[in-house]
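Residue numbers (our numbering): 60 to 179. Glycine included, each C-beta is placed from N, C-alpha and C at the ideal position. Below is one structure, written out as structure tokens; the observations come after it.
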């Protein structure tokens, strides 16, 4: 079973370790199996690609492509306001509605900022 990461796709994060330390960017994708995230404009690498002529017109052109490589989730922190914060969770009580119209109280897990305690 893969563990739950506290960083989600679309979050703005700041790199706190590595060659791109201090850079901020938006999370493009989360790789839960490897505990890594891909951040826009961070950890850019050059990838050499071949010309592929398979499929006629659908072939790709070769060359050097610059792309973002995954970065470990422990090397990024969530940006909140003008600084960074750790992420916590809080269980809120909510009223839910059944298909027949009756209501009941349930719980909803929300991400919160450890610095301010506000919902993210």
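Give the DSSP bridge partners of residue 171, in chain order. The partner list for residue 171 (beta bridge, DSSP) reads 147, 178.
Runs of beta strand (DSSP E) wholly within the stretch 81-122 (minimum 3 residues, chain order): Those beta strand (DSSP E) runs which fall completely within the stretch 81-122 and span 3+ residues are 83-90, 95-98, 103-108.
Can you tell me which residues form a DSSP beta bridge with residue 124? BP columns for residue 124 point to 106.
Proximity of residue 121 and residue 108 at Cβ, strictly below 7 Å: Between residue 121 and residue 108, the CB-CB gap stays under 7 Å.
Counting Cβ pairs, one atom from each stretch, are 3 or more of them under 8 Å apart for the stretch 89-97 and the stretch 159-166? Taking one beta carbon from each stretch, the stretch 89-97 and the stretch 159-166 have fewer than 3 pairs nearer than 8 Å; the two do not touch.
Where the beta strand (DSSP E) containing residue 71 begins and where it ends: Its beta strand (DSSP E) spans residues 71-74.
Among 173, 89, 175, 103, whose alpha-carbon lies nearest the alpha-carbon of residue 62? When C-alpha distances from residue 62 are compared across 173, 89, 175, 103, the shortest belongs to 89.
Please classify residue 73 as buried or exposed, where buried requires at least 16 other C-beta atoms within 10 Å of its C-beta. Buried.
In terms of DSSP beta bridges, what is residue 64 paired with? According to the DSSP secondary-structure assignment, residue 64 is paired through a beta bridge with no residue.
Residues bridged to residue 132 [DSSP beta-bridge criterion]: Paired residue(s): none; residue 132 is not in a bridge.
Residue 157 in three-state terms, based on DSSP: Look at residue 157 here: in three-state DSSP terms it is coil, with no helix or strand label.
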